[in-house]
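Undergrad:
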Amino acid sequence: MAFEADAEPGQRSPAELTAALSREQRVSAALREVGVAIGTTLELDELLELILDRVTELVEADRATLYLLDEAKNELVSRFVVGQNVRSIRLKVGHGIAGTVAQTGKPFRINDAYADARFERQWDQLTGYRTTTMLATPLKNHLGRTIGVIQVLNKKRGEDFTNEDEALLAALSTQAAVAIDNSRLFLSLIQKNKQLLDTKDQLERKLRDLELLFDLERATAGAQSLEALLTATLGRLAAACGARGAAALLAEEDSGDLIEYAFDPRLTEPLSRRGVKAGEGVLAAAMDQAEPIRLVSARDDPRWSTSGAPGFSFEVEPVLALHLEGDGSPLGAVGLFGEVGSPPFTDEDLALVRMVSANVSTAVRLFRANRAREVGERLTTIGKLLSQVIHDFKTPMTVISGYTQLMAESDDAEQRAEYAEEILKQFDILTAMQREVLEFARGERTIFIRRVFLKKFFADITRQLGHEVDGRAIELTLDVDTKVVARFDENRVARAIHNLARNAVEAMAEHGGSLTISAGMEAGDLVIAVRDTGPGIPKQIEGRLFQSFVTAGKEGGTGLGLAIVKKIAEEHGGSVSVKSSSRGTEFVLRLPQDEGKDSNPPSPNKSKASAPARGGAQKTNG
């Protein structure tokens, strides 16, 4: 027969030991379960619910409440279990039992809640619950900072909470603090990773936008026509937004007519051009309003019409159109078009179109401004050229006038025939000048370099200049190496010599003097010098001597003579220089002689260095 021996005083009975062992096993199992949960999940709500459930079970409490510290508001946010439900309340730090625990960082065990002044009984009144015993302990992280409070209410069977309950709650609170820290760290990492991914996407998008703008800038800068500019722009915009085609509507500068340019990369000629009536089609509608037009289905919108639709090879469904800003009035509109089945255009597409449309507007305005400037420069240059030609008309017209007078006075038929031949030569010179203007207007510029015998060339020059010095106290002298055969444009060099000689004659008109023209070879160059014994060049125009329209008050002077001389010298790859004093002036033309040279001379910027530009015609002494 078996019997149970009585326990010695101060010793625990086997039943108590068995109960304690069972309790420790439950605690150990709970701690393992919580530890495994912490290692396998970072879902904070799930972990906290598990911890609250195990706390309630192990300390044999009726309820368990978890408070987390909201540092920004200095409040405790509660999560408490009632049956199977989790509820929340807010409590200021320092208020109530939980607030005091959070403030002091120490645990509290109360056997009669209503006898403690810190207990806030309104929560019982609100919920209909009756709190008797309480146990609360702080949640402290690895840095020892309080991050919350765990509170249990009403131990079952009406008992008080024990030291073991307090130790168990402290152990589980440590687990809860670890879980909260891990979860917050995990959520922080997730949030930072998301921010990094968002930032990466934004940077990649910005980089794509910058690459597109750079590509557009490079393409538009090299465009030689408006069509080339729009082909580059529309093609790149359509590709960047995944559009099937793109189009631009532009108002003509002069007439205001609307011209539509449609880009379809699958066509042999990707860019088509056609006129559009005002208000016709979606681009014309976009041109007249500040807000963009976004169509999910073009067929269902009254602003879309077959007659006003761009000439694409596909049926259009989604549309995105935006007006182009001009100077004071809309410049036009730009649009993207997708085929049937394509997704609608997004806000990102709209942002990109807005950005590109600003570049398109600027590029079109700059292109038109450059074209207008080029036309203006061409007209200005043609005007200058005409001024030069009119200036140079003086010499042949003077020669024609002189020979005509001689013909009228001569009865010798042979002599009259010679005069007529000289007159015809001057008409040839006039014809050459006319041809020069026409060539320039067509964008052509040529000089005709050929072999010239100096003996005959200067004999003609002498006869022609004879009419300039007739009746004046001026002696004309030639010092020419007549054996030389040189290469140059005969008509243009003759014009240069006539201009220099005419300036010299006018400079000596009042007091007379000597005009000497010399020519010969020197160091492989043909050197032509025109010297006079006039008063020299005025000091005020010495620094601008070879600039256009510079003159020193000469009656009827245009200020073009020396500018023309310099230009002719540079067209031959040569130079012109001047020496002047009160005893006279000497101009020297140097024309390089290349035996292999044909009618294409070196460009002026490869010519020999000319004398410093010093300006205008010589001063007239009368």
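429 is the number of the first residue of the sequence shown in my numbering; add one for each residue after it.
A virtual CB, placed ideally from N, CA and C, is assigned to each residue, including glycine.
All values derive from a computational prediction rather than experimental measurement.
(1) So, are the CB atoms of residue 506 and residue 519 less than 9 Å apart?
(2) Going by the DSSP bridge assignment, what does residue 878 pair with across the sheet?
(3) Does chain C have any CB closer than 9 Å to the CB of residue 538?
(4) Should residue 981 be labelled buried (16 or more other beta-carbon atoms within 10 Å of its own) or exposed?
(5) Restricting to Cα atoms, I'd like to know which of 891, 439, 560 and 540 is closest to residue 830.
(6) How close, in whole Å, do the beta carbons of residue 960 and residue 932 come, if the pair is a contact with beta carbons under 8 Å?
(7) With distances taken Cα to Cα, identify the nearest neighbour of residue 563 among 743, 806, 595 and 575.
(8) Is it buried or exposed for residue 1006, if we count other Cβ within 10 angstroms and need 16 for buried?
(9) Would you identify the three-state DSSP class for residue 886, choosing helix, strand or coil?
(10) Excluding the 5 residues preceding and the 5 following residue 1029 in the sequence, name in chain order all residues of the same chain whose CB lies nearer than 7 Å to its CB.
(11) With C-beta atoms as the reference, is residue 391 less than 9 Å away from residue 574?
(12) Express the C-alpha separation of residue 955 and residue 984 in angstroms, rounding to a whole number.
(13) Could you check what DSSP says for residue 503 in three-state terms: helix, strand or coil?
(14) Report the partner residues of residue 937 according to the DSSP bridge assignment.
(15) Among 939, 663 and 894, which has the Cα closest to the Cα of residue 826?
(16) In chain order, what residues of the same chain lie with their CB nearer than 6 Å to the CB of residue 742, ignoring the 5 residues before and after it?
(17) Return yes when the Cβ of residue 908 is within less than 9 Å of the Cβ of residue 882, no when it is not.
(18) Which of helix, strand or coil does DSSP assign to residue 1051?
(19) Using a Cβ-Cβ cutoff of less than 7 Å, which residues in the same chain neighbour residue 857 once the five nearest sequence positions on both sides are dropped?
(20) Grouping DSSP H, G and I as helix and E and B as strand, with all else coil, what is residue 644?
(21) For residue 482, which beta-bridge partners are listed by DSSP?
(22) Is there contact between the stretch 744 to 756 and the stretch 710 to 727, where contact requires at least three CB pairs shorter than 8 Å?
(23) Distance, Cα to Cα, residue 525 vs residue 572?
(24) For residue 579, does the three-state DSSP call read helix, strand or coil?
(25) Rounded to whole angstroms, how far is the Cβ of residue 582 from the Cβ of residue 481, which I believe are closer than 8 Å?
(26) Taking only the alpha-carbon atoms, compute the straight-line gap between residue 1027 and residue 796 and give it to the nearest angstrom.
(27) Where do the N-terminal and C-terminal ends of the alpha helix (DSSP H) with residue 710 fall, by residue?
(28) I need the straight-line Cα distance from residue 641 to residue 759, nearest angstrom please.
(29) Closer than 8 Å by C-beta to residue 487: which residues in its own chain qualify, once you throw out the five before and the five after it? Chain order, please.
(30) Taking DSSP's pairing of strands, which residues face residue 944 in a bridge?
(31) Can you tell me the Cβ-Cβ gap for residue 714 and residue 750, rounded? I've got them flagged as a contact below 8 Å.
(32) Give the range of the beta strand (DSSP E) segment to which residue 763 is assigned.
(33) Quick check on the DSSP output: what are the complete beta strand (DSSP E) runs of length 3 or more inside the stretch 987 to 1028, in order along the chain?
(34) Along the chain, where does the beta strand (DSSP E) containing residue 490 start, and where does it finish?
(35) Nearest by alpha-carbon distance to residue 707: which of 694, 679, 843 and 990 is it?
(36) Which same chain residues, not among the five before or five after residue 946, have their C-beta less than 7 Å away from its C-beta?
TA: So, from the listed chains and residues:
(1) Numbered from 1 along the sequence shown, position 78 holds the residue referred to as residue 506. Numbered from 1 along the sequence shown, position 91 holds the residue referred to as residue 519. Taking 9 Å as the Cβ cut-off, residue 506 and residue 519 qualify as a contacting pair.
(2) Numbered from its first residue, the sequence shown carries residue 878 at position 450. Answer is 916.
(3) In the structure shown, chain C does not exist; there is a single protein chain.
(4) Stepping through the sequence shown from its first residue, residue 981 is reached at position 553. Here the model assigns residue 981 a pLDDT of 47, short of 50, so the residue's position is not dependable and the matter cannot be decided.
(5) As a working mapping, residue 830 is identified with position 402 in the sequence shown. Closest by alpha carbon: 891.
(6) As a working note, residue 960 is residue 532 in the sequence shown. As a working note, residue 932 is residue 504 in the sequence shown. Contact holds; Cβ gap of about 4 Å.
(7) Within the sequence shown, numbered from 1, the residue matching residue 563 stands at position 135. Residue 595 is the option with its Cα nearest to residue 563.
(8) Here the question's residue 1006 lines up with position 578 in the sequence shown. Buried, since its Cβ has 16 or more Cβ neighbours within 10 Å.
(9) As a working mapping, residue 886 is identified with position 458 in the sequence shown. Residue state, collapsed to three classes: helix.
(10) As a position in the sequence shown, residue 1029 is number 601, starting the count at 1. Bear in mind that the predicted position of residue 1029 carries a pLDDT of just 42, short of 50, making it unreliable; the figure below should be weighed with that in mind. For residue 1029, where only same-chain residues beyond five positions count, the Cβ hits under 7 Å are 875, 877, 999, 1000 and 1001.
(11) Because the chain here runs from 429 to 1050, residue 391 falls outside it and cannot be looked at.
(12) One-based indexing of the sequence shown puts residue 984 at position 556. One-based indexing of the sequence shown puts residue 955 at position 527. The predicted model places residue 984 with a pLDDT of 43, which falls under 50 and marks its position as unreliable; any figure quoted below should be read in that light. About 30 Å.
(13) Along the sequence shown, read from residue 1 onward, the residue named residue 503 stands at position 75. Here residue 503 carries a strand assignment [DSSP, helix/strand/coil].
(14) Locating residue 937 in the sequence shown gives position 509, where the first residue counts as 1. Its beta-bridge partners do not exist; DSSP assigns none.
(15) Position 398 of the sequence shown, counted from the first residue, corresponds to residue 826. Minimum Cα distance to residue 826 is reached at 894.
(16) Position 314 of the sequence shown, counting from 1, holds the residue named residue 742. Within the same chain, residue 742 has close Cβ partners 672 and 767.
(17) Start at 1 with the first residue of the sequence shown, and residue 882 comes out as number 454. Start at 1 with the first residue of the sequence shown, and residue 908 comes out as number 480. In this structure, residue 908 lies closer than 9 Å to residue 882 by Cβ.
(18) Outside the shown range of the chain, which is 429 to 1050, sits residue 1051, and nothing can be said about it.
(19) As a working mapping, residue 857 is identified with position 429 in the sequence shown. Here the set comprises 824 and 919.
(20) Along the sequence shown, read from residue 1 onward, the residue named residue 644 stands at position 216. Three-state result, residue 644: helix.
(21) On the sequence shown, residue 482 is found 54 positions in, with the first residue counted as 1. According to DSSP, which records beta bridges pairwise, residue 482 is partnered with nothing at all.
(22) yes
(23) Within the sequence shown, numbered from 1, the residue matching residue 525 stands at position 97. Within the sequence shown, numbered from 1, the residue matching residue 572 stands at position 144. About 20 Å.
(24) Here residue 579 corresponds to residue number 151 of the sequence shown, with the count starting at 1. Strand, per DSSP.
(25) One-based indexing of the sequence shown puts residue 582 at position 154. One-based indexing of the sequence shown puts residue 481 at position 53. About 16 Å; that fails the 8 Å criterion.
(26) Numbered from 1 along the sequence shown, position 599 holds the residue referred to as residue 1027. Numbered from 1 along the sequence shown, position 368 holds the residue referred to as residue 796. At residue 1027, the pLDDT of 47 sits below 50, so the modelled position is not reliable; the number obtained from the coordinates is stated separately. The alpha-carbon atoms of residue 1027 and residue 796 are separated by roughly 36 Å.
(27) Residue 710 sits at position 282 when you count from the first residue of the sequence shown. Taken as a continuous stretch (DSSP letters only), the alpha helix (DSSP H) holding residue 710 covers 710 to 715.
(28) Within the sequence shown, numbered from 1, the residue matching residue 641 stands at position 213. Within the sequence shown, numbered from 1, the residue matching residue 759 stands at position 331. Spanning the two alpha carbons is a distance of roughly 20 Å.
(29) Counted from its first residue, the sequence shown places residue 487 at position 59. Result list for residue 487: 563, 580, 583, 589, 593, 596 and 597, in chain order.
(30) Residue mapping note: residue 944 aligns to position 516 of the sequence shown, counting from 1. Looking at the DSSP assignment, residue 944 forms a beta bridge with 905 and 959.
(31) Translated into the one-based positions of the sequence shown, residue 714 becomes position 286. Translated into the one-based positions of the sequence shown, residue 750 becomes position 322. Confirmed, about 6 Å.
(32) Sequence index remark: in the sequence shown, residue 763 carries index 335 (1-based). Its beta strand (DSSP E) spans residues 760 to 767.
(33) 1003 to 1009 and 1012 to 1020
(34) Position 62 of the sequence shown holds residue 490. Bounds of the beta strand (DSSP E) holding residue 490 are 489 to 498.
(35) Counting from one through the sequence shown, the residue named residue 707 turns up at place 279. For the residues 694, 679, 843 and 990, the minimum Cα distance to residue 707 belongs to 679.
(36) Along the sequence shown, one-based indexing puts residue 946 at 518. Excluding sequence neighbours, residue 946 sits near 907, 908 and 957.
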